[in-house]
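Heads up, the thing below is written out as structure tokens.
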Amino acid sequence: MSSRNDDYVTDLALRAGRGDKAALSEFIRHTQDDVWRLLAHLAGREHADDLTQETYLRVMSALPRFAARSSARTWLLSLARRAWVDSVRHDMARPRKSAAEYTDVAALQPSIDDPNTWSDVIDARRLLDALPAERREALILTQVLGYTYEEAAKICGVRVGTIRSRIARARRDLIEGAGKGDA
Numbered sequence: 021m022s023s024r025n026d027d028y029v030t031d032l033a034l035r036a037g038r039g040d041k042a043a044l045s046e047f048i049r050h051t052q053d054d055v056w057r058l059l060a061h062l063a064g065r066e067h068a069d070d071l072t073q074e075t076y077l078r079v080m081s082a083l084p085r086f087a088a089r090s091s092a093r094t095w096l097l098s099l100a101r102r103a104w105v106d107s108v109r110h111d112m113a114r115p116r117k118s119a120a121e122y123t124d125v126a127a128l129q130p131s132i133d134d135p136n137t138w139s140d141v142i143d144a145r146r147l148l149d150a151l152p153a154e155r156r157e158a159l160i161l162t163q164v165l166g167y168t169y170e171e172a173a174k175i176c177g178v179r180v181g182t183i184r185s186r187i188a189r190a191r192r193d194l195i196e197g198a199g200k201g202d203a
């Protein structure tokens with residue numbers, strides 16, 4: 021993440037917190053893709069829109085209290101993560117659905133040039149979904165969304181060493197899982 025862009029987004033958040041509606045619109049425009057991508061990886065594409073909306077509802081009530089102790093992006097993604105955690109807790113209180121109901125195979129786009137794309141995409145998604153939530157979250161934040169280990173630690177509310185450990189274990193799990201698929 022660009023420090024210059026983070027400074028701009030943080031300034032937008034501060035202005036939006038003081039009631040500047042144009043700054044709020046610009047803040048949302050500059051951050052919505054990151055929030056959606058994080059939530060799509062954590063909760064699945066089929067839930068990302070709803071969770072993104074929930075995140076921004078929380079943001080609007082919290083912006084007046086935003087004090088820029090961290091970048092606005094880091095603060096925002098920690099709110100998105102909390103929205104996801106709350107949705108998981110809510111879902112855990114309800115009866116479980118079958119695994120088939122959670123799979124959004126129709127949203128996957130195969131490549132015309134490579135007939136194996138379906139298989140590769142499904143295998144990769146299966147491997148990511150099989151990771152424990154904390155490891156998947158750390159991996160997505162750092163390897164997919166490009167946040168530093170320090171930023172990921174702030175978003176997750178843990179120490180940097182914990183993020184490093186989760187990523188190392190996630191990588192090991194992915195390698196082991198891919199090896200089992202080859203057997």
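Using this note's numbering, the final residue of the sequence shown is 203, and nothing's skipped along the way. Positions of the beta carbon are idealized from the N, C-alpha and C atoms, including for glycine.
**Report entry** Inter-stretch contact at 8 Å, needing at least 3 Cβ pairs: the segment 96 to 105 / the segment 55 to 63
**Finding:** yes
Query - C-alpha distance - residue 88 paired with residue 199, whole-angstrom precision - result: Straight-line measurement puts the Cα of residue 199 at about 44 Å from the Cα of residue 88.
Query raised in the report: Along the chain, where does the alpha helix (DSSP H) that runs through residue 44 open and close?
Result: 41 to 63
Query raised in the report: Touching or not, the segment 66 to 75 and the segment 171 to 190, by the rule of three or more beta carbon pairs under 8 Å?
Result: no
Query raised in the report: Does the distance from the CB of residue 30 to the CB of residue 92 come in under 8 Å?
Result: yes
Query raised in the report: If you measure from the CB of residue 32, is any heavy atom of the ligand GDP nearer than 7 Å?
Result: What this structure holds is no ligand at all, so the ligand GDP is not there to describe.
Report task. Can you say whether residue 174 is buried or exposed, counting buried as having 16 or more other CB atoms within 10 angstroms of its CB? Result -> buried
Requested in this report: Would you kindly check if the distance between the Cβ of residue 171 and the Cβ of residue 94 is under 8 Å?
Outcome: yes
Requested in this report: Give a yes or no on whether the C-beta atoms belonging to residue 178 and residue 169 are separated by under 8 Å.
Outcome: Their beta carbons are not under 8 Å apart, which means residue 178 does not touch residue 169 by this criterion.
Query raised in the report: Which residue's Cα is closest to the Cα of residue 161: 27, 40, 50 and 54?
Result: 54
Query - Ordered list of alpha helix (DSSP H) runs contained in the segment 139 to 181, each at least 4 residues - result: 153 to 159 and 169 to 176
Requested in this report: Just the C-alpha distance for residue 43 and residue 79, rounded to the nearest angstrom, thanks.
Outcome: 13 Å
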